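J.:
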Amino acid sequence: MKIYTKTGDKGTTSLFGGTRVPKDDIRIESYGTVDELNSYIGLIRDQDINAHYKEILIEIQDRLFTVGAILATPAEKEILKNGAPRLQKLGIIATDIELLEKEIDAMEMELPQMTHFVLPGGHPTVSHCHIARCICRRAERLTVHLSHNETVSEIVISYLNRLSDYLFVLARKLSHDLNAEEVKWIPRK
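Under this note's numbering, the letters of the sequence shown match residues 20 to 208, in that order.
1. Between D44, D81, Y72, which has its C-alpha nearest S58's C-alpha?
2. Using only alpha-carbon positions, find the residue among K208, L189, E200, I205 that is nearest to I79.
3. What beta strand (DSSP E) runs, 3 residues minimum, are completely inside the region 22-102?
4. Going by DSSP in three states, K203 sits in which element: helix, strand or coil?
5. Ignore the nearest five residues each way along the sequence and tell me which others in R64's own chain have a CB closer than 6 Å to its CB.
6. Does K192 pass the burial test, meaning 16 or more other C-beta atoms within 10 Å, or should it be called exposed?
7. Reducing DSSP to helix, strand and coil, say where V188 ends up.
8. Roughly how many angstroms lie between the CA atoms of W204 and T26, to the nearest whole one?
9. Should I154 be labelled buried (16 or more other beta-carbon atoms within 10 Å of its own) or exposed?
10. Using three-state DSSP, classify V145 as helix, strand or coil.
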């Protein structure tokens with residue numbers, strides 16, 4: 020199989036099921052941003068961090084591939100002609116969100132209570148987490164935008180929302196673990 024097909028040379032691409040859309044379609048923007056997020060999470064995973072965080076990040080990356088597949092499948096193409104679901108064993112389920120919540124709760128138990136806004140930074144690994152969090156929020160906004168015009172599973176939006184929370188807390192936890200300076204945001208008087 021060749022990596023280049025030339026079918027997108029005129030600015031269109033295929034969704035799952037074969038529907039062709041412009042490459043700047045909101046659906047493409049949504050799953051493209053999820054792909055960008057997945058790549059950035061790979062960069063965090065490549066840092067010198069606790070093995071447990073790496074395991075969770077691999078799980079998250081796997082789930083993000085699923086989110087991308089869901090977003091790449093228009094509602095009218097979810098069922099194959101034989102009646103079987105196109106994404107037979109793929110889906111985001113409640114336990115995927117519960118895992119993120121469990122991890123957030125565990126990290127927060129080891130962190131001081133947050134009493135102020137935190138400026139992103141303090142260590143390159145922490146900064147990577149903050150960038151991933153921002154990409155995740157963009158993916159969430161684009162997916163919500165898509166949901167205004169097309170069917171999008173609510174659990175996908177919930178997953179992206181919770182994932183951005185996870186990435187924020189992971190940034191704080193890594194800041195703590197790496198003894199990085201956490202700079203408070205102080206508004207001007």
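Cβ coordinates follow ideal geometry from the N, Cα and C atoms, glycine included.
Owing to the predicted nature of the structure, the values given are computational and were not obtained by experimental measurement.
T.: Short version:
1. D81
2. For I79, the nearest C-alpha among the options comes from L189.
3. 31-33, 39-41
4. strand
5. K73, L76
6. buried
7. helix
8. The straight-line gap from Cα to Cα measures roughly 49 Å.
9. I154 is buried by the Cβ-count criterion.
10. helix
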